[in-house]
Amino acid sequence: EPEVTQTPSHQVTQMGQEVILRCVPISNHLYFYWYRQILGQKVEFLVSFYNNEISEKSEIFDDQFSVERPDGSNFTLKIRSTKLEDSAMYFCASSEESLGASGMFFGSGTQLSVL
Amino acid sequence: GIQVEQSPPDLILQEGANSTLRCNFSDSVNNLQWFHQNPWGQLINLFYIPSGTKQNGRLSATTVATERYSLLYISSSQTTDSGVYFCAVKRGVTFGTGTRLQVTL
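Heads up: the sequence lines are chains A and B, in that order. In terms of the numbering used here, the first sequence opens at residue 1 and continues consecutively. In terms of the numbering used here, the second sequence opens at residue 116 and continues consecutively.
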């Protein structure tokens, strides 16, 4: 069964460092998303991406963040100059349509710890 | 922005019991999804249900968009149903506060 793959599963970094979180969406999906979830809290939308550009972003997604689709399969989230409060689980998701009837599929997440 | 509140926040059931989870939203929406986050953190899409009723096995969902709520029904609950249930609106941009369900033997 097709699935969304995220790497790494865990990332530990020092405050101020840059991290890149990687995602391989389901191959025929056109819409891609990043979310984060601080431990015990609700899921927060960061950004959606379609046709090689950002289609929507939240207030959380400031200049510290960027997304890229460097090739036909990968979708990355870059966090520049990480802060302690960036520690969270980051989820990538993809969908065939713009959240149409086919639904949205999530990866297993990357647990980011900023020390 | 739109507010999405879920109730109850926590629910403990014995295996075999039925339950209803509620999602209220503060503004009109044209799409709504239900997700289950299992105890290992995996998010699984359950339903895309902007309106009407859908069923999938022991789960069913109903959205009454004009009254700004959606319901998720779980029948004959099993321990594997444990986890957190989220509704999300606005094309997945806004998640609800979640209902944490624990099903016991």
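Just so it is clear, CB atoms sit at the ideal spot from N, CA and C, and this is done for glycine as well.
Pull up the DSSP beta-bridge partners for residue i, would you.
i, result
"VAL218(B)", "LEU128(B)"
"LEU77(A)", "LEU21(A), VAL67(A)"
"ALA180(B)", "Bridge partners of ALA180(B): none, in fact."
"GLU44(A)", "ARG36(A), THR209(B)"
"VAL204(B)", "LEU147(B), THR209(B)"
"THR13(A)", "VAL114(A)"
List the residues of chain B that residue i touches, going by C-beta distances under 7 Å, in chain order.
i, result
"TYR33(A)", "GLY207"
With distances taken between CB atoms, is the gap from residue i to residue j smaller than 8 Å?
i, j, result
"MET104(A)", "ALA93(A)", "yes"
"GLN148(B)", "ASN139(B)", "no"
"ASN204(B)", "GLN152(B)", "Correcting the residue identity first, residue 204(B) is Val in this sequence and not Asn. In this structure, GLN152(B) does not lie closer than 8 Å to VAL204(B) by Cβ."
Cutting at 7 Å between CB atoms, please list the residues of its own chain near residue i, excluding the five before and the five after it.
i, result
"ASP175(B)", "The sequence shown places Ser at residue 175(B), rather than the Asp named in the question. Only THR168, LYS169, TYR188 meet the Cβ criterion."
"THR178(B)", "LEU147, ILE164, PRO165, SER166, GLY167, SER185"
Can you name, in chain order, every residue of its own chain whose Cβ lies under 8 Å from the Cβ of residue i, other than the five neighbours on each side?
i, result
"LEU126(B)", "SER134, LEU136, THR214, ARG215, LEU216, GLN217"
"THR229(B)", "Because chain B in this structure spans residues 116 to 220, residue 229(B) falls outside the shown range and cannot be described."
"SER122(B)", "LEU136, ARG137, ASN139, THR214"
Check the C-beta distance from residue i over to residue j and give it rounded, since I have them as a contact under 8 Å.
i, j, result
"HIS29(A)", "SER81(A)", "Not a contact, Cβ separation roughly 31 Å."
"VAL24(A)", "SER73(A)", "5 Å"
"GLU44(A)", "SER58(A)", "7 Å"
"LEU46(A)", "PHE65(A)", "7 Å"
"SER141(B)", "ALA180(B)", "That pair is no contact at about 13 Å."
"GLN14(A)", "LEU112(A)", "Wrong, their Cβ atoms sit about 12 Å apart, outside the cutoff."
List, in chain order, every chain B residue whose beta-carbon is nearer than 8 Å to that of residue i.
i, result
"GLU56(A)", "ARG206, VAL208"
"PHE45(A)", "GLY207, VAL208, THR209, PHE210"
"SER108(A)", "GLY156, GLN157"
"LYS42(A)", "PHE201, PHE210, GLY211, THR212, GLY213"
Leaving out the 5 sequence neighbours to the left and right, which residues in its chain are closer than 6 Å to residue i when beta-carbon positions are compared?
i, result
"THR7(A)", "ARG22"
"ILE20(A)", "THR76, LYS78"
"PHE49(A)", "PHE32, VAL67"
message: Short of 7 Å Cβ to Cβ, which residues in the stretch 133-145 of chain B face chain E?
response: Annotation note: the requested chain E is absent from the structure, which comprises protein chains A and B.
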